[in-house]
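Worksheet: one structure, shown below.
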Amino acid sequence: MTVILYLLAASLVLGGGGLALFLWSLRAGQFEDLDGAAHRILYEDDPD
Numbered sequence: 004m005t006v007i008l009y010l011l012a013a014s015l016v017l018g019g020g021g022l023a024l025f026l027w028s029l030r031a032g033q034f035e036d037l038d039g040a041a042h043r044i045l046y047e048d049d050p051d
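Start counting the sequence shown at 4; every next residue gets the next number (my numbering).
Dropping the structure here:
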């Protein structure tokens, strides 16, 4: 029975950590330009 409590605590800690990292990435602007990378791959850079 104690194993279930340890697994429950570990899953809550990991889930909370994942949520904290996701919220941090939102505030850092990681999801600002979702279409930019998709369009950028279509254009060739001319080598100088």
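Just so you know, even glycine gets a beta-carbon here, dropped at the ideal spot from N, CA and C. In this text the structure is predicted, and so the values were computed from the model without any measurement.
No residue range can be given for Phe34, since it is assigned to no alpha helix (DSSP H) and is classified by DSSP as neither H nor E.
For Leu17, the enclosing alpha helix (DSSP H) covers residues 5-30. Taking Ser28 as the centre and dropping the five residues before and after it, the same chain places the C-beta of Phe34 closer than 8 Å to its C-beta, in chain order.
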